[in-house]
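So the sequence lines, in the order shown, correspond to chains P and V. So in our numbering the end of the first sequence lands on 213, straight run, no missing numbers. So in our numbering the end of the second sequence lands on 213, straight run, no missing numbers. Idealized CB from N, CA, C, for every residue including glycine. Every value quoted in this text rests on a predicted model; they were computed, and no experiment measured them.
There are 2 protein chains.
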Amino acid sequence: MDLMQILDEVYPIPEQSKQLLAQCFEQLDCRKGQLLFQTQKIGSSVYFLSQGLARAYTVQDGVEVTFWFGWEGSPLLSMKGYVSGEHSYEDLELLENAVLFRIDATQLKHLFTKDIHIANWGRVFAEKELLKAEERLISRQVKTAEMRYRELIAVYPDILLRAPLRHIASYLGVTPVTLSRIRANIS
Amino acid sequence: MDLMQILDEVYPIPEQSKQLLAQCFEQLDCRKGQLLFQTQKIGSSVYFLSQGLARAYTVQDGVEVTFWFGWEGSPLLSMKGYVSGEHSYEDLELLENAVLFRIDATQLKHLFTKDIHIANWGRVFAEKELLKAEERLISRQVKTAEMRYRELIAVYPDILLRAPLRHIASYLGVTPVTLSRIRANIS
DNA sequence: GTTATTTCTTATCATTTGTAAAGTTCCGTT
DNA sequence: AACGGAACTTTACAAATGATAAGAAATAAC
Chain P
27 MDLMQILDEV YPIPEQSKQL LAQCFEQLDC RKGQLLFQTQ KIGSSVYFLS QGLARAYTVQ
87 DGVEVTFWFG WEGSPLLSMK GYVSGEHSYE DLELLENAVL FRIDATQLKH LFTKDIHIAN
147 WGRVFAEKEL LKAEERLISR QVKTAEMRYR ELIAVYPDIL LRAPLRHIAS YLGVTPVTLS
207 RIRANIS
Chain V
27 MDLMQILDEV YPIPEQSKQL LAQCFEQLDC RKGQLLFQTQ KIGSSVYFLS QGLARAYTVQ
87 DGVEVTFWFG WEGSPLLSMK GYVSGEHSYE DLELLENAVL FRIDATQLKH LFTKDIHIAN
147 WGRVFAEKEL LKAEERLISR QVKTAEMRYR ELIAVYPDIL LRAPLRHIAS YLGVTPVTLS
207 RIRANIS
């Protein structure tokens, strides 16, 4: 997935503004297993995944909790680092070799003040991510783990082939043992 | 809490732009128990709570699930209606008599295209709400209902006096019975 | 290709949470 | 002040989930 296509899918803006924005991205080739918080400065960068699969997780009482998956076209950033500039509780792990597009957050925020189309691109970007976050929040509150599992593999069946089940279990908010029981029940 | 203060707390912008934005709001006095989806068009409006308390809920299998509380200064809108323009799964209930500031969503989006400061105000608004939504999502995944209950009353102790416990239980993702057990354990 | 390691599943038991129903307290109405 | 109804708590039992451990399958290392 190329950069122009990714930018357009967020929100189409005039060619000139899009070029201005696109110029500020650099392409990175990264290895499976890389942790972006440790190896890159995720707090001060915004990434988009061109190829590959990634997860966001946080550590609670020594246990990793996966709360997000991203694949081709997904944004990859620390929301807390990006929005508030504060240190983040999260890290991002590449689950496959990946191609990323990176932009410096400070530079992006500068563009927001200079170009109204880019500002609205950033607004729509945040709005769409907000809607997704709220839908996941409600889904978690309203639906059982089994329903959420069915939904996940309906939306993105590849995830079963590409991500370890323990991460999927964590994402669904259950233990790997419970996910096994769910899977045994279904098939 | 007055409108200017609310707008400033989202993101301060130059006086002229702020005036332009503020002009488009109207003030509404509403009664406790009012449902904004039924009585107002929440899909096409954005509100801010000047006074009062409100909740957002959705109905799942005939059961109301409260997924959000808002108080003085909080935005009050259907994210889905606002972002995607589609029909929403949610309704907003006023838990107290309330004073609201209302702006038409179409008019607001028009302002975004005309004034870069307002566009960035809207961007920061979405970003901040996004961060809150993500923090709640992670909190729900990582913390027990008891921890989230303690946090809620630490952040907003008034909620115990102003909202029925069954809504708080629903918000925490447990039944009223379980919330009673949590409360009995604590005190 | 074999071995070693990790991942996933299955089984057992303990804990937590939900459901249903009964009891108590709190509020508003008359 | 008394009544009626709603909200909250408590109890008993059932169902679901977690923890632990052992076994099977898949993957990686050599």
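- Message: For a cutoff of 8 Å on Cβ pairs, would you count residue 192(V) as touching chain P?
- Response: no
- Message: Rounded to the nearest angstrom, what separates residue 113(P) and residue 54(P) at their Cα positions?
- Response: 23 Å
- Task: With DSSP as the reference, label residue 73(V) as helix, strand or coil.
- Result: strand
- Task: Report yes if the C-beta distance between residue 179(P) and residue 95(P) is below 8 Å; otherwise report no.
- Result: no
- Throw me the rounded Cβ distance for the residue 142(P) and residue 145(V) pair, which I believe falls under 8 Å. Contact annotation, residue 142(P) with residue 145(V): C-beta distance approximately 6 Å; criterion of less than 8 Å satisfied.
- Anything in chain V within Cβ reach of residue 181(P), meaning under 8 Å, just list it in chain order. Within chain V, no residue comes near residue 181(P); the closest Cβ sits about 17 Å away, beyond 8 Å.
- Message: Suppose contacts are defined by Cβ-Cβ distances below 8 Å. Is residue 127(V) in contact with residue 73(V) by that definition?
- Response: yes
- Item | Amino acids of chain P, ordered along the chain, whose beta-carbon sits closer than 9 Å to that of residue 106(V) | 157, 160 and 161
- Measure how close the beta-carbons of residue 188(V) and residue 119(V) come, nearest whole angstrom, since I'm counting them as under 8 Å. The Cβ separation is near 13 Å, so there is no contact.
- What does a CB cutoff of less than 7 Å around residue 199(P) pick up in its chain, not counting 5 residues either side in sequence? Correct list, in chain order: 166 and 171.
- Message: Do residue 213(V) and residue 90(V) count as a contact pair if the criterion is CB distance below 8 Å?
- Response: Their beta carbons are not under 8 Å apart, which means residue 90(V) does not touch residue 213(V) by this criterion.
- Run the CB neighbour count on residue 92(V), radius 10 Å, all protein chains shown included, and call it buried at 16 or more, exposed below. buried
- Message: Could you give the first and the last residue of the continuous alpha helix (DSSP H) run that contains residue 167(V)?
- Response: Run containing residue 167(V): 142–168, per the alpha helix (DSSP H) assignment.
- Message: residue 101(P) and residue 155(P) - do their beta-carbons sit closer together than 8 Å?
- Response: yes
- Task: Find the nearest neighbour of residue 177(P) within the set 28(P), 162(P) and 135(P), judged by alpha-carbon distance.
- Result: 162(P)
- Message: Any beta carbon from chain V within less than 8 Å of residue 149(P)'s own beta carbon?
- Response: yes
- Are the CB atoms of residue 208(V) and residue 175(V) nearer to each other than 8 Å? yes
- Task: Use the C-beta contact count for residue 43(P): other C-beta atoms within 10 angstroms, 16 or more gives buried, fewer gives exposed.
- Result: Counting Cβ neighbours within 10 Å, residue 43(P) comes out buried, since at least 16 surround it.
- Query: Which residue's Cα is closest to the Cα of residue 79(V): 97(V), 50(V) and 158(V)?
  - Reply: 97(V)
- Task: Anything in chain P within Cβ reach of residue 111(V), meaning under 8 Å, just list it in chain order.
- Result: Near residue 111(V) there are no residues of chain P at all, since even the closest Cβ is about 11 Å away, more than 8 Å.
- Task: Kindly indicate if chain V contains any beta-carbon less than 8 Å away from that of residue 189(P).
- Result: no
- Closest to residue 136(P) by CA distance: which of 125(P), 205(P), 88(P) and 46(P) is it? Taking each of 125(P), 205(P), 88(P) and 46(P) in turn and checking the Cα distance to residue 136(P), the smallest one comes out for 46(P).
- Task: If I'm right that residue 51(P) touches residue 129(P) with Cβ under 8 Å, what's the distance once you round it to whole angstroms?
- Result: 5 Å
- Query: When Cβ atoms are compared, which residues of the stretch 119–138 of chain P fall closer than 8 Å to chain V?
  - Reply: 138
- Task: Could you list the residues in the stretch 86–107 of chain P with a C-beta less than 7 Å from some C-beta on chain V, going in chain order?
- Result: 86, 91, 93, 105 and 106
- State the DSSP-derived secondary structure class of residue 41(V), mapped to helix, strand or coil. helix
- Task: Pull up the distance between the alpha-carbon of residue 76(P) and that of residue 48(P), whole angstroms please.
- Result: Each residue's alpha carbon lies about 14 Å from the other.
- Task: Measuring only between beta-carbons, confirm whether residue 152(V) sits less than 8 Å from chain P.
- Result: So, interface residue.
- Message: Under 8 Å, Cβ to Cβ, is there at least one residue of chain P near residue 60(V)?
- Response: no
- Query: Which one of 124(P), 103(P) and 157(P) has the shortest CA to CA distance from residue 116(V)?
  - Reply: 157(P)
- Bounding residues of the alpha helix (DSSP H) (the contiguous stretch that carries residue 107(P)): Boundaries of the alpha helix (DSSP H) around residue 107(P): 105–110.
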